[in-house]
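In UniProt numbering, the protein residues as written are 1 to 431. Here the structure is laid out as structure tokens; the discussion comes afterwards.
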């Protein structure tokens, strides 16, 4: 028989039972909400995956996987133009120029004129009956007539018409007779034809190599280019016989001699020129030709911004120019490996929209001027996503590119007056 409890003992027993149930319930609830080790690991992995995804969204990898681009410019370093420039004629030039004649003499110095006279007289004695040696003044007069013929756009005009009493120009017969002009034309040479066996195999420019190198090397000594310079190709119209004559369908003249030119944007002064003689038969295929041309033309310069088209522009060139204290602004071909895929997909892009990508020292922009058209530019000068507020909403990179790119094209227009002189110079390379 169970013992009976008085009232106090019964109350104590009930309270003890209630506390025991409360502790048991508390333990069960604690076990239900405390995460185990597996749950903690799973949560940590999800956070890492989320962080990795955010990092990938903030960094775009180039097609070759070597360059990381960011859609924002926060980590891009500021651009500081190097060195103080003093553009314009050099002290050497200003000290020697007092008239148009002295300017001509500076470009065609005595050693050049002596070289032309020597080999022209040598050839004249061999090939022209009753040859009379060309003197200094007569050679200058002959070259002046060639420049005037270019000024009058008479490269396709017969020589007889220039001396004609009705259709001609008075200055031509007043300077020299047509017969004498044609004699000099026939005898004009820049080297000894008999003493250059096999020169074409070694150098296609053999007949004019010495003259060209002496003349073109003088150009940088007369003028200091400004902050903005431009590299591009120029076509000197020419349809005569020449082994390195080029066909360029986009140029007005179509046929001629291709010259790489570095020009000052402000004045279109040709600071350095390089003739393209075509592919070498003996040498291996030239790699990164555009890059090498720019590095050759800009050798000795620093503190400038070089504008160029997509034949030359590349990220390795931009890095090399930056090491030389120069900036680059240029269009890019769509197949360049340094481009991130995010700039190439324009399927759902709006017209006149721009997408930027930045590295530490460079900026890329993709601009859609019209549907299905993607314009790509690279710049180491611009470091912010600046876009004009009105009009076609072009990025500042494109505005600066358009402002500077026309320097060589303007040189084409200006230099038409001396194309007649260059055409004669290249004509003799066939001999």
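We put the beta carbon where it would ideally sit given N, CA and C, even for glycine. These numbers come from a predicted model, not from an experiment.
message: Considering Cα atoms alone, identify which of 62, 244 and 171 is closest to residue 256.
response: 244
field: Residues sharing a beta bridge with residue 404, DSSP
entry: In the DSSP output, where bridge partners are listed per residue, residue 404 has none listed.
- prompt: Which class does residue 379 belong to by DSSP, given the choice of helix, strand or coil?
  reply: strand
- prompt: Distance, Cα to Cα, residue 211 vs residue 312?
  reply: 28 Å
task: Work out the CA separation of residue 307 and residue 401 for me, nearest whole Å.
output: 7 Å
For residue 252, three-class secondary structure by DSSP: coil
query: Comparing alpha-carbon positions, which option in 237, 291 and 129 lies nearest residue 153?
result: 237
query: Which ranges does the alpha helix (DSSP H) cover as unbroken runs of at least 4 residues, wholly within the segment 158–191, from first to last along the chain?
result: 159–163, 171–175 and 178–187
- request: Please name the residue or residues paired with residue 74 in a DSSP beta bridge.
  value: In DSSP, residue 74 forms no bridge with anything.
query: From what residue to what residue does the beta strand (DSSP E) around residue 356 run?
result: 354–358
message: On the CB-based measure, 16 or more other CB atoms within 10 Å of its CB, does residue 221 come out buried or exposed?
response: exposed
task: Starting from residue 300, follow the beta strand (DSSP E) in both directions and report where the run begins and ends.
output: That residue, residue 300, is in no beta strand (DSSP E); it is neither H nor E in DSSP.
task: Flag residue 405 as yes when its Cβ comes closer than 7 Å to any non-hydrogen atom of the ligand SAH, and as no otherwise.
output: Questions concerning the ligand SAH fall outside what the structure shown contains, since it holds no ligand whatsoever.
query: From residue 223 to residue 99, what does the alpha carbon distance come to, in whole angstroms?
result: 17 Å
task: Using only alpha-carbon positions, find the residue among 180, 109 and 293 that is nearest to residue 321.
output: 293
message: I need the straight-line Cα distance from residue 327 to residue 215, nearest angstrom please.
response: 29 Å
task: Give the straight-line distance between the Cα atoms of residue 82 and residue 384, rounded to the nearest whole angstrom.
output: 19 Å
query: Roughly how many angstroms lie between the CA atoms of residue 172 and residue 249, to the nearest whole one?
result: 35 Å
- prompt: Which first and last residues belong to the alpha helix (DSSP H) in which residue 275 is found?
  reply: Not the alpha helix (DSSP H): residue 275 falls in the beta strand (DSSP E), residues 270–275.
query: Identify the residues that DSSP records as bridge partners of residue 236: which are they?
result: 257
message: Looking at residue 106: is its Cβ nearer than 8 Å to the Cβ of residue 97?
response: yes
- prompt: Is the segment 355–374 touching the segment 67–81, taking contact as three or more C-beta pairs under 8 Å?
  reply: yes
- prompt: So what's residue 288 in DSSP terms, helix, strand or just coil?
  reply: coil
query: Does the separation of the CB atoms of residue 163 and residue 178 fall below 8 Å?
result: yes
- prompt: When the Cβ atoms of the segment 72–79 are set against those of the segment 367–376, are three or more pairs found closer than 8 Å?
  reply: no
Euclidean distance between Cα positions of residue 122 and residue 159: 24 Å
- prompt: Whose C-beta lies closer than 7 Å to the C-beta of residue 382 among residues of the same chain, with five residues either side of it excluded?
  reply: 363, 396 and 397
Residue 208 - partner residues in DSSP beta bridges: None; residue 208 has no bridge partner.
- request: On the DSSP bridge assignment, give the partners of residue 363 in chain order.
  value: 358 and 379
- prompt: Whole-angstrom Cβ separation of residue 231 and residue 297, contact assumed at under 8 Å?
  reply: 6 Å
field: Assigned exposure category for residue 150 - 16 Cβ within 10 Å defines buried
entry: buried
field: residue 247 in three-state terms, based on DSSP
entry: strand
query: Nearest to residue 329 by alpha carbon, out of 317, 337 and 335?
result: 317
field: Alpha carbon of residue 62 to alpha carbon of residue 336, nearest angstrom
entry: 9 Å
- request: Look at residue 310 and residue 343 and say whether their C-beta atoms are less than 8 Å apart.
  value: no
message: If I follow the unbroken alpha helix (DSSP H) through residue 331, where does it start and stop?
response: Unbroken run through residue 331 is the beta strand (DSSP E), 327–331; no alpha helix (DSSP H).
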